[in-house]
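Chemist: The opening residue of the first sequence carries number 633 in this note's numbering; numbering runs sequentially from there.
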Amino acid sequence: MTAKRKSFSLNDKRRLIEAYDKLPKISQRVAATKLGIPQATLCTLLKQRQTVLAANNGDRKRIRSGKAPKVEAALVKWIDNAHSCNARLSASLVKEKAEEFAAKLGEDNFKVSIGWFERFKKRENIVFKKLHGEAAEADMVSPGEWLEDQWQQMRQEYTEENIWNAAESGIYFRALPHSTFTFRSDNKRGGKKLKERITALFACSAAGEKKELFVIGKSHNPRCFNYVHTLPVRYAANAPAWMTRNLFVGWLTEWDRKLAQERRKILLLVDSSPAHDMTNTTLKNIRVEFLPKNTTSFLQPCDQGIIRTAKAYFRKEMARTVLQKLDEGSPATAVDIVKKISLLDAVLMLRDAWADVGASTIRDCWRKVGLVMSLKEELETVDPPAEISAEEFEQWIAVDDSTPVSEPVTDEDIIAAVREGFGMGTDTSDEEEEKVETVVPSRAEMRNAIRILKTGLPHVGFNNFDLLHHFAKEVNLVLDKTTIRICEMTYPHGTEPIHKTEKNMLDFIFSVDDPVTWHTMNLMQNRKHYSFLKYLGPKKISSIQNGHGAGVYYNTLVPADGRIIKYGIISTDTMIEDLLHWKTLYIAGRLHKPVKILLQNDNGKLRAALVANLKSAVTASFLMLPESFSEEDLFMQIAGLSYSGDFRMVLGEDKSKVFNIVRENMQNFQLLYSSILQECPQVVYKPQQGKLEVDKSPEGQFTQLMALPRTLQQRITLLMDPPGKNHDVEEILLQVAQDPDCGTVVHQGISSIVKSSSITQSLKGIATAGLMKTVSYSAKKVQKMWKGWRRRT
DNA sequence: TGTGTAACCACGTCTGGATT
DNA sequence: AATCCAGACGTGGTTACACA
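(1) Check whether the segment 863 to 874 and the segment 909 to 919 are in contact - that is, three or more C-beta pairs closer than 8 Å.
(2) Determine the extent of the alpha helix (DSSP H) in which Arg-751 is found, giving its start and end residues.
(3) Taking the alpha carbon of Arg-919 as the reference point, which residue from Glu-841, Pro-933, Leu-900 and Asp-653 has its own alpha carbon closest?
(4) Quick check on Val-989: does DSSP put it in helix, strand or coil?
(5) Can you say whether Gly-1381 is buried or exposed, counting buried as having 16 or more other CB atoms within 10 angstroms of its CB?
(6) Ordered along the chain, which non-local residues of its own chain (more than five positions away) have a Cβ less than 7 Å from that of Leu-1395?
(7) Looking only at DSSP bridge pairs, what is Tyr-1186 linked to?
(8) Take the Cβ of Gly-738 as the centre, count every other Cβ of all protein chains shown within 10 Å, and call the residue buried at 16 or more, exposed below.
(9) According to DSSP, is Ile-1020 helix, strand or coil?
(10) By the three-class DSSP mapping on this structure, what secondary structure does Val-1014 have?
(11) May I have the straight-line CA-CA distance separating Pro-1372 from Trp-883, to the nearest angstrom?
(12) Under DSSP, the alpha helix (DSSP H) around Gly-1221 begins and ends at which residues?
(13) Give the secondary structure of Tyr-584 by DSSP, where H, G and I count as helix, E and B as strand, and everything else as coil.
(14) Enumerate, from N- to C-terminal direction, the unbroken alpha helix (DSSP H) stretches of 4 or more residues contained entirely within the segment 1071 to 1103.
(15) Taking the Cβ atom as the reference point for each residue, do Val-1361 and Thr-1349 lie within a distance shorter than 8 Å?
(16) How many Å lie between Ile-1431 and Ala-799 at the Cα?
(17) Would you decide whether Lys-1328 is buried or exposed? Buried here means 16 or more other CB atoms lie within 10 Å of its CB.
(18) Taking just the CA atoms, how far does Gln-1269 sit from Asp-644?
(19) Between which two residues does the beta strand (DSSP E) carrying Ala-735 extend?
(20) Going by C-alpha to C-alpha distance, which of Leu-958, Val-1326 and Leu-677 sits closest to Ser-1260?
(21) I need the boundaries of the beta strand (DSSP E) containing Arg-1427, first residue and last residue.
(22) Taking the Cβ atom as the reference point for each residue, do Leu-1246 and Ile-1385 lie within a distance shorter than 8 Å?
(23) Tell me the rounded alpha-carbon separation between Arg-806 and Val-970.
(24) So the candidates are Arg-889, Ala-873 and Ile-795; which of them puts its Cα closest to the Cα of Phe-922?
(25) Would you identify the three-state DSSP class for Val-979, choosing helix, strand or coil?
(26) Classify Thr-1206 as buried or exposed, calling it buried when 16 or more other Cβ atoms lie within 10 Å of its own Cβ.
(27) Go through its chain and collect everything with a Cβ distance to Lys-657's Cβ below 7 Å, but skip five positions before and after it.
(28) Between Thr-1335, Val-1316 and Ala-942, which has its C-alpha nearest Leu-1324's C-alpha?
(29) Locate the beta strand (DSSP E) running through Ala-798, then write down its first and last residues.
(30) For Glu-949, I'd like the list of residues in its chain whose CB is within less than 8 Å of its CB, leaving aside the five on either flank, ordered along the chain.
(31) Would you list, in sequence order, the uninterrupted alpha helix (DSSP H) runs of no fewer than 4 residues that lie entirely inside the segment 861 to 910?
(32) Using the Cα positions of Gln-893 and Glu-1296, report the straight-line distance between them to the nearest angstrom.
(33) Mind checking Ser-1203: buried by the 16 CB within 10 Å criterion, or exposed?
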């Protein structure tokens, strides 16, 4: 009766979807007849779009997994790893391994049959070639030979300053020494929970120079980082907190760029772990060389003492912290204390520990392994704290030595990774970790601490008064500044896009709930900040502020503590409005770039608006970027939004400025946007190419368009549909989504917002700029004023 | 008129093993 | 190592129909 039913291969399906996309907008029914399939088939097909397009084996007709997908996943990882180590694999070896994994993963029903093996190979596209014995064996070099031969050749063009070594090390930052602290804690709970680990990448040169640490943690946006402006280390995160190829390449690329600026070329030695694989990566100023396999432990300077020394300092500081708390008579056990140590604390401690490692130690380690010939130097020794025996201290330093620091190497790691990937998780839950709250000391407390140091230190023989004075001055400078930030934010140096001459110009935006009151108070305290407009009175000033442009009233050229600052006042409501709807994009646009949020009284609405603003920026950028782009392209696009809407349209000096803002602040951008990008279903991150891919289908673009801020949507409708004919916004956006020039339309919409607002804002700038302000300014005044104002409300 | 879905069952792929 | 077998399993193309 009915014709024989068809069955499509994944390639067929992909072709069908592509063909459907090329069709003009018609009903599924019509489209289906054109494609020669029933409507319902087309409907299901479109629903499977993502799965079909992501499939890698197009000749198959169904995507099916074997009976024990976990075993196969583990096996694939193991094979990958073996390949990257140039190990020879025979079919029987692989089968043996499969059996082992099955046993370890508790897959009792799984049998390593010939049939299974065949299908497994087909599914994964694996072929086992017969290898000839010698090739692999030839790779095995003795450390001595390598040193005399290859190494001498490699290092010829490089001086010791430019010969570097990098190595990862796992760090259980909450680990305690075996016995000393445990007497007061119940051991049962102790052990496991304290195993939170971070991985740090240490890099140093043969001359003793150290590179900023690269720390990899579990959490992308640890809560304890919230209030921190700049981390003293580079930070990244992934679930197992270990080095991946992607992170490593990212780190290298950035370093390469810095070196290019310095016109410096270096030779970097790393061990040959899969995470260090450099294929498809080109670096201009870094030559990456690998230590021969199985000789890493003898030849790697970092492994031979450098990292150990850093860890010794780290653990010593940890002991000091814990012991002090215990001595203060805190009822908490050592375990409790250690649990309160946040990731931030650990990172800061680790940074200091790394800074403490002496250049001579580093040089000596390089000499010891024989990579450089130089004179023997004094090795520093880190004495164990008095409370801990030397032996125990040694053990404590080494507790994390054998932890995996990069993608899987041992079977256990593979199994753990597979378990995690399949959502079974090992028994450790993060709940405990999440509860570590960060206590930021108040400014008064910090000031007091400085005072205590000043009076106390001379009594213990500290006599570098210059240093102390300088330190106190620097700290107070910062403290004073931060106190005047009534609600909001400042731009990090060099990112403020408006002023060209003043490199160190700090720009603050205060969002205040009631601008009239604020101006009244501020006029009384700091009349000199205001231009001639002050004669008009606070009400008039606020009305100028609110009535025109972006709703920001600026006082410029305000001297504060030897610096010139400027500050803008905006009402919180106006700001939220702009963040949510992009009415002017003036404030919203600035907040697309990383800025420091100084003090936030708990305004949930504002916080939500800030996030919404970032999301909008990402969405708008997606629409304007091609299907595939790099992270840098994305940030560039975002940074360009507030200029003319599209970075490509920015000309001349401004272009390089945007470029620089992004380059100098890559890390801050990543910190700002990483969680948003991760949560966004529209974008797929392809780590292999370091590229992001975004859904460019009409449906995808439509959802993106619908998510744009209201004002932008209105502008777009206006562009597409001149007033008069009243079409539905949704209807028009649907049209735009089909349009191949969709990105251009979005760009025009944004630039129409930016143009109209920046004109009014700069006109107002003329009125509010006034004459040069020469009168000195005290931050404390504003602080007092602010306090006074708060009391009254 | 349009799209989405429950149910049905053809058929691709699974399994352990035998055979070439 | 590759191919084949027979039976089981479960995906997904299709039909008929509900729903806006």
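Here a beta-carbon is modelled for each residue, glycine too, at the ideal position from N, C-alpha and C.
Modeler: Reading off the structure:
(1) no
(2) 746 to 756
(3) Leu-900
(4) coil
(5) Residue environment for Gly-1381: buried (at least 16 other C-beta atoms within 10 angstroms of its C-beta).
(6) Bear in mind that the predicted position of Leu-1395 carries a pLDDT of just 43, short of 50, making it unreliable; the figure below should be weighed with that in mind. Nothing listed; no residue qualifies.
(7) Gly-1200
(8) By the neighbour-count rule (16 or more Cβ atoms within 10 Å), Gly-738 is not buried but exposed.
(9) coil
(10) coil
(11) Whole-angstrom Cα-Cα distance: 36 Å.
(12) For Gly-1221, the uninterrupted alpha helix (DSSP H) run begins and ends at 1218 to 1222, by DSSP.
(13) Any property of residue 584 remains undetermined from this structure, which presents the chain solely from 633 to 1425.
(14) Within the segment 1071 to 1103, the alpha helix (DSSP H) runs of at least 4 residues that lie entirely inside it are, in chain order, 1075 to 1088.
(15) In contact: Val-1361 and Thr-1349 (Cβ atoms closer than 8 Å).
(16) Residue 1431 lies beyond the range of the chain shown here (633 to 1425); nothing can be said about it.
(17) Result: buried.
(18) 36 Å
(19) Not the beta strand (DSSP E): Ala-735 falls in the alpha helix (DSSP H), residues 723 to 736.
(20) Val-1326
(21) For residue 1427 there is no data in the structure shown, the boundaries of the chain being 633 and 1425.
(22) no
(23) 6 Å
(24) Ile-795
(25) helix
(26) buried
(27) Gln-1370
(28) Val-1316
(29) 795 to 804
(30) Excluding positions up to five away in sequence, the list reads Met-981, Asp-984 and Ala-985.
(31) Annotation: the segment 861 to 910 contains the following complete segments of the alpha helix (DSSP H) (minimum length 4 residues), in chain order: 877 to 894.
(32) 12 Å
(33) buried
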